[in-house]
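So the sequence lines, in the order shown, correspond to chains H, B and P. In my numbering, each residue carries its 1-based index in the first sequence increased by 194. In my numbering, each residue carries its 1-based index in the second sequence increased by 6. In my numbering, each residue carries its 1-based index in the third sequence increased by 16. Encoded as structure tokens, the structure appears first; notes follow it.
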Amino acid sequence: MKVSLFITCLSDAIYPQVGEAMVRLLAAHGVKLDFPSVQTCCGQPSYNSGYWEETRTTAKTILKAFQDSDFVVSPSGSCTYMIHHYAELFKDDPIWLEQAHALEAKTYEFTQFLVQVLGITDVGAHFPHRVTYHPSCHGSRLLGVKEEPMALLAHVSGLELVPLPFADDCCGFGGTFAVKMADISGAMVSEKVDHIKETEAEVLVGLDMACLMNIAGNLRHRGEQVRVMHLAELLYEGVAVR
Amino acid sequence: MSRNTNPSMNEAKFSDTEKGASSVPAHVEHTMNTPLTRNNGNSATHKNTITNENFINPANIENAEHTNNIASATNTANNANDEQAQPSWLAELEQQSRRQQQTFIDHISSRLGRPRATEPPQHPFRGAPTFWNEWSWNEQERIERFTAHFQEVGGHVVSVDSLEAAGEWIVQYAQELKAREIVRQQLPELQQLRLEQRLPDVHIAVWNENVQIDWRATAAGADIGIVMADGAAAYTGTVMVTSSAVQGRSVSLLPTVCIVLLYKENLHTRLGELLIPMDQRGREQLPAGVHFISGPSRSSDIENDLTIGVHGPGIIYTLLIG
Amino acid sequence: MSTSEQRSTTVKERADIALNNDFLRKAVRFTTERLRNGKQIASTEHGNWDEWRERGRQIRLHTIAHLDYYLNLFVDNARANGVHVHFAEDTAAATEIVMTIARHKQAQSVVKSKSMVSEELHINHALEEAGIEAVESDLGEYIIQLAGEGPSHIVIPAIHKNRYQIAELLSEDAGEQLPPDTTILAGYVRRKLREKFLDADIGMTGCNFAIAETGSMVLFENEGNARMVTTVPKTQITLMGMERIIPSWEDLEVMATLLPRSATGQRLTMYMSGITGPKRQQDGDGPEEMHIVIVDNGRSSQLGDPEFQELLNCIRCGACLNVCPVYRQIGGHSYGGTYSGPIGAVLTPALNRNVAEWDDIANASSLCGACYEACPVKIPLHDMLVYLRRRKVERGLGNRWESLGMKGFAVVMGNSKRLGAALKMGRLFQKPIVHNGTISLKVGPLKGWNTYRDMPSMADDPFRERWTKLEQELDQQSVTMDQTMQDRMEQLIQARQRRQRGDRNES
Numbered sequence: 195m196k197v198s199l200f201i202t203c204l205s206d207a208i209y210p211q212v213g214e215a216m217v218r219l220l221a222a223h224g225v226k227l228d229f230p231s232v233q234t235c236c237g238q239p240s241y242n243s244g245y246w247e248e249t250r251t252t253a254k255t256i257l258k259a260f261q262d263s264d265f266v267v268s269p270s271g272s273c274t275y276m277i278h279h280y281a282e283l284f285k286d287d288p289i290w291l292e293q294a295h296a297l298e299a300k301t302y303e304f305t306q307f308l309v310q311v312l313g314i315t316d317v318g319a320h321f322p323h324r325v326t327y328h329p330s331c332h333g334s335r336l337l338g339v340k341e342e343p344m345a346l347l348a349h350v351s352g353l354e355l356v357p358l359p360f361a362d363d364c365c366g367f368g369g370t371f372a373v374k375m376a377d378i379s380g381a382m383v384s385e386k387v388d389h390i391k392e393t394e395a396e397v398l399v400g401l402d403m404a405c406l407m408n409i410a411g412n413l414r415h416r417g418e419q420v421r422v423m424h425l426a427e428l429l430y431e432g433v434a435v436r
Numbered sequence: 007m008s009r010n011t012n013p014s015m016n017e018a019k020f021s022d023t024e025k026g027a028s029s030v031p032a033h034v035e036h037t038m039n040t041p042l043t044r045n046n047g048n049s050a051t052h053k054n055t056i057t058n059e060n061f062i063n064p065a066n067i068e069n070a071e072h073t074n075n076i077a078s079a080t081n082t083a084n085n086a087n088d089e090q091a092q093p094s095w096l097a098e099l100e101q102q103s104r105r106q107q108q109t110f111i112d113h114i115s116s117r118l119g120r121p122r123a124t125e126p127p128q129h130p131f132r133g134a135p136t137f138w139n140e141w142s143w144n145e146q147e148r149i150e151r152f153t154a155h156f157q158e159v160g161g162h163v164v165s166v167d168s169l170e171a172a173g174e175w176i177v178q179y180a181q182e183l184k185a186r187e188i189v190r191q192q193l194p195e196l197q198q199l200r201l202e203q204r205l206p207d208v209h210i211a212v213w214n215e216n217v218q219i220d221w222r223a224t225a226a227g228a229d230i231g232i233v234m235a236d237g238a239a240a241y242t243g244t245v246m247v248t249s250s251a252v253q254g255r256s257v258s259l260l261p262t263v264c265i266v267l268l269y270k271e272n273l274h275t276r277l278g279e280l281l282i283p284m285d286q287r288g289r290e291q292l293p294a295g296v297h298f299i300s301g302p303s304r305s306s307d308i309e310n311d312l313t314i315g316v317h318g319p320g321i322i323y324t325l326l327i328g
Numbered sequence: 017m018s019t020s021e022q023r024s025t026t027v028k029e030r031a032d033i034a035l036n037n038d039f040l041r042k043a044v045r046f047t048t049e050r051l052r053n054g055k056q057i058a059s060t061e062h063g064n065w066d067e068w069r070e071r072g073r074q075i076r077l078h079t080i081a082h083l084d085y086y087l088n089l090f091v092d093n094a095r096a097n098g099v100h101v102h103f104a105e106d107t108a109a110a111t112e113i114v115m116t117i118a119r120h121k122q123a124q125s126v127v128k129s130k131s132m133v134s135e136e137l138h139i140n141h142a143l144e145e146a147g148i149e150a151v152e153s154d155l156g157e158y159i160i161q162l163a164g165e166g167p168s169h170i171v172i173p174a175i176h177k178n179r180y181q182i183a184e185l186l187s188e189d190a191g192e193q194l195p196p197d198t199t200i201l202a203g204y205v206r207r208k209l210r211e212k213f214l215d216a217d218i219g220m221t222g223c224n225f226a227i228a229e230t231g232s233m234v235l236f237e238n239e240g241n242a243r244m245v246t247t248v249p250k251t252q253i254t255l256m257g258m259e260r261i262i263p264s265w266e267d268l269e270v271m272a273t274l275l276p277r278s279a280t281g282q283r284l285t286m287y288m289s290g291i292t293g294p295k296r297q298q299d300g301d302g303p304e305e306m307h308i309v310i311v312d313n314g315r316s317s318q319l320g321d322p323e324f325q326e327l328l329n330c331i332r333c334g335a336c337l338n339v340c341p342v343y344r345q346i347g348g349h350s351y352g353g354t355y356s357g358p359i360g361a362v363l364t365p366a367l368n369r370n371v372a373e374w375d376d377i378a379n380a381s382s383l384c385g386a387c388y389e390a391c392p393v394k395i396p397l398h399d400m401l402v403y404l405r406r407r408k409v410e411r412g413l414g415n416r417w418e419s420l421g422m423k424g425f426a427v428v429m430g431n432s433k434r435l436g437a438a439l440k441m442g443r444l445f446q447k448p449i450v451h452n453g454t455i456s457l458k459v460g461p462l463k464g465w466n467t468y469r470d471m472p473s474m475a476d477d478p479f480r481e482r483w484t485k486l487e488q489e490l491d492q493q494s495v496t497m498d499q500t501m502q503d504r505m506e507q508l509i510q511a512r513q514r515r516q517r518g519d520r521n522e523s
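This is how it looks when you write it as structure tokens:
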């Protein structure tokens, strides 16, 4: 059985430790990940900006990279959801369309894979900190990943989960939106960070490095000490200390 | 009714759930002392007609014998565009419209990429989901829920045993309110309230009993309007009133206080139980106005802050009879 | 649809004004929070919300797919009820019809209840030019009319104003100082408008739903002003978007379940009125003459367009505005059109068929999907925003630098070797500007980002360079997978294969 890691370009270039935590955590449960190095990016930046022809080029590299995989797992709900748009991109191309459907059916976001596929909600982690969780929009709303991270967090011993006010509100990232509409995006992320501060959490955890990069960037800009982590990092760290 | 959006707090000010109680918030009295219309004084001249029940429409008298007083065939829509009375500019607009209808609708068909649909399409999703149409509350629950829902938004519900008791309650309420003008629909049940005898100092206007009067102005000058509900839905806390020659729309709209009489047997569970009969009656049997009223007039347009009594009656009572 | 002065600015410029107006932002946040909480509570209390949404969507999809049949049926029935029905392709035609009626009625005053179509057509402007007084009677509309503004929210037109600003406007209108007390302010408007209602020659309304099978029109409201407008004046004119149709009263139950709960969190608005024709001959009130103007104004161009036809399903509840994190920051006027928020960002360019305008409005969204989740008829607004952006690019109207950038992006991302090389180059180039793991330089595209955030630097060893070592390390300490886990995975694969075979057999 071939389970492949779809690292996503952001984790690849900026947050390799997230991919590594995932790989190590899954290895501990006997899931040996495969990493097709021909993979690149899901194509979301160009798709969302309306450049679909360019997106098709990128999408094909992803479709080819995971052709032989039985499962694909990724540390991002947003990039996973982007694969759900591939069918639309190739709706007039029967060959690629079939591949698009096949990839969509076998691709899972990290917590989906743990909970839905492996049936794991308790990884045996210990993490004695005050934590708040930001549910990223694409993962929670569009991909429907809501229960899985909650189930995993609930089983971490010592962890105190503080509800984030207005948790469902977008952090303001939105890809090129953060650059094109910088002031609106800036107002959004500032408000998100205000809410995080209200929780007095030591750690902010999430499932999408793009959103977390945005929030962490504002936290750092304001000199705030909140630690920002992907859930895979938190769980791995919680297991490693045991 | 100060700046207070908590329904339970509003309720406290209106506390009247027990039989017969009533209260008038201070600012309402203030409103009532303000002339509401320029024609306010006119209605006083018609006092001599008040005991003279004079139904315009015999069909409605018959119909009104039944507690479920839904308007009858006499309410039939004007078979309109009766060309004889139409001024020429209107006839011209009408002709222009009929010419355009074909083009306008054909354009829709062509945008939809098919020939004009002339047969009724299959509508498999008509109305509420099946599970919804299959439940109802028993009478006790209907009364409790209706009361709770109507009160929650600032309306009042008073239970009375009979029409006679409703009359007594209204008399007492009108006296407390120091009402000077009451307008009521021209229906036999409301005549049975005997308000004319019981409130000799109050002018009771009977809707449309005399065609010479400006009835809208009369209603606007009234302190209390009294109407019969044709039905009600407990789930939304809604009463339904309809219009006819003897049932003015203004009666439930223009006075400061609106009192709605509702027979318990006309209280249903779901809104659909009031709406589906409209389809069954069909176009020709529908009254011109059907009004579903779920509480006092209100607005939240200033800072989403609840204000009661904007345009419509700020005080509304449902007298639940039976 | 949007006024010319608004078109001359970009959404960014308009948003900047709003972003620097703390007053406005506080007012908008305050009210949208209340509304969205109200909706949350009401829909949860009602239960099975997603089933109801799906039902609402199906009814709307069905009606729009057969709009020719249902609209024609409505017209025939409304006529049989005695209504004068008119058709207007665009603003000019609608205005002409309204003005013809007003002229022949020798109208001096028109009293109006809330109508987004009338805002879209700028009817007040036309009436006033002809010397006819147009009075908005909805409290919020009255306030913005005094301020000389358009609505900044579909349901709460004066959402951007607080009570102090409103007290000032109403004091000026009253010629005396009114305190910023909601009850007193509303009381003033009640008294003032009572006179206007009784004076008015024409009552003008919008239309929430039009029932095809009986030719009835339905209005939802809380204040009673729409009832006033349809009861007191002798002539009634209703402006109605051509897509407002539903087949039956039975279908109205679904809309009455979805609309008030989504808009304001109410079980039902205080008044829901079904008007079937003008007053009957012997009725003592109600309009003697009733007109319905059916307006296209860009709507029909959405028909038959697979990506945008669903836009016509909108029931104008405003729920998408109340949950939108962008609307929350910039308010309604920043959108530059009659309709604001996510629905406005799509509807404005769609109705205008104005390619140039697609530019910035469609970009003012992070595509978070909150609008879709809130929509009672499940319109995929977040997808439509992407379609608008794509159409602009396809028409060659994309930003030149962005187009170049996206071509470069495709070149790099189309091949992993090029990506690997780019990562190496990036690391090299970032060296001089990285301090402490972050980049805080404010030039080019980094300027906007770094005004609010610090940019993380690229990792010294990207994942693809770590992989070989990591794989070797893990190979040495391999753990065997639990049997139940393995079975689960096998079963999932089999189920997937069965589904795929099924799909193929079907097609």
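Ideal placement from N, C-alpha and C gives every residue a C-beta, glycine not left out. All values reported here derive from a predicted model rather than from experimental measurement.
- Contact between the stretch 238 to 246 of chain B and the stretch 287 to 304 of chain B is present: three or more C-beta pairs spanning the two stretches fall below 8 Å.
- Taken atom to atom, the span from the alpha-carbon of A345 (chain H) to that of D106 (chain P) is near 54 Å.
- Sequence-ordered contacts of the stretch 354 to 384 of chain P with chain H read N379, A380, S381, S382, L383 and C384 [C-beta pairs closer than 8 Å].
- For the 7 Å CB-CB criterion, V373 (chain H) and L398 (chain H) do not form a contact.
- Under the criterion of beta carbons closer than 8 Å, V257 (chain B) and R190 (chain B) qualify as touching, at roughly 7 Å.
- Below the 8 Å Cβ cutoff, chain H contributes F229 and S231 as neighbours of W483 (chain P), in chain order.
- Counting only the Cα atoms, G231 (chain P) lies some 42 Å from G338 (chain H).
- Listed along chain P, the residues sitting closer than 7 Å to A299 (chain H) by beta-carbon distance are R512.
- Runs of the beta strand (DSSP E) lying entirely within the stretch 63 to 149 of chain P and spanning at least 3 residues, in chain order: 100 to 104 and 125 to 128.
- Shortest Cα-Cα distance from V450 (chain P) to any of P:P472, P:R434 and P:K440 involves P:P472.
- Rounded to the nearest whole angstrom, the C-alpha separation of T313 (chain B) and A426 (chain P) is 57 Å.
- At the C-beta level, N238 (chain P) and S153 (chain P) stay beyond 7 Å of one another.
- By the 16-neighbour rule on beta-carbons within 10 angstroms, H141 (chain P) is exposed.
- For R517 (chain P), the closest C-alpha among the options H:T315, H:E431, H:E292 and H:L204 is that of H:E292.
- Spatial neighbours of S264 (chain P) in its own chain (CB-CB distance under 6 Å, excluding positions within 5 residues in sequence) are listed in chain order as E229.
- Each residue's CA atom was taken as its position, placing T234 (chain H) and H78 (chain P) some 42 Å apart.
- Residue-level contact check: M288 (chain P) touches chain B, since one or more beta carbons of chain B fall below 7 Å from its beta carbon.
- In the three-state scheme derived from DSSP, where H, G and I count as helix and E and B as strand, T124 (chain B) is classed as coil.
- Within chain B, the residues placing a beta-carbon under 9 Å from that of I75 (chain P) are H129, F131, R132 and G133, ordered along the chain.
- For G237 (chain B), the enclosing beta strand (DSSP E) stretches over residues G237 to A239.
- Not a single C-beta of chain H is nearer than 7 Å to the C-beta of G54 (chain P).
- Beyond the five residues adjoining it in sequence on each side, R243 (chain P) comes within less than 7 Å, by CB distance, of Y287 and S289 in the same chain, given in chain order.
- Per the coordinates, the alpha-carbon of G302 (chain P) lies some 7 Å from the alpha-carbon of K250 (chain P).
- Residue nearest to S384 (chain H) within the set P:V342, P:Y403, P:S494 and P:T25 is P:V342 (criterion: CA-CA distance).
- Residue-level contact by beta carbon holds for V383 (chain H) and chain P, with a gap shorter than 7 Å.
- Minimum Cα-Cα distance from A109 (chain P) among the listed residues P:H169, P:G314 and P:E29 corresponds to P:G314.
- Between L193 (chain B) and P293 (chain B), the alpha-carbon positions lie close to 16 Å from each other.
- Within chain B, I308, E309 and D311 have C-beta atoms less than 8 Å from the C-beta of R179 (chain P), given in sequence order.
- Contact annotation: I455 (chain P) and R332 (chain P) have beta-carbon atoms that are not nearer than 7 Å.
- Contact between C273 (chain H) and Q238 (chain H) holds, with the beta-carbon distance rounding to 7 Å and staying under 8 Å.
- Boundaries of the alpha helix (DSSP H) around C387 (chain P): A386 to A390.
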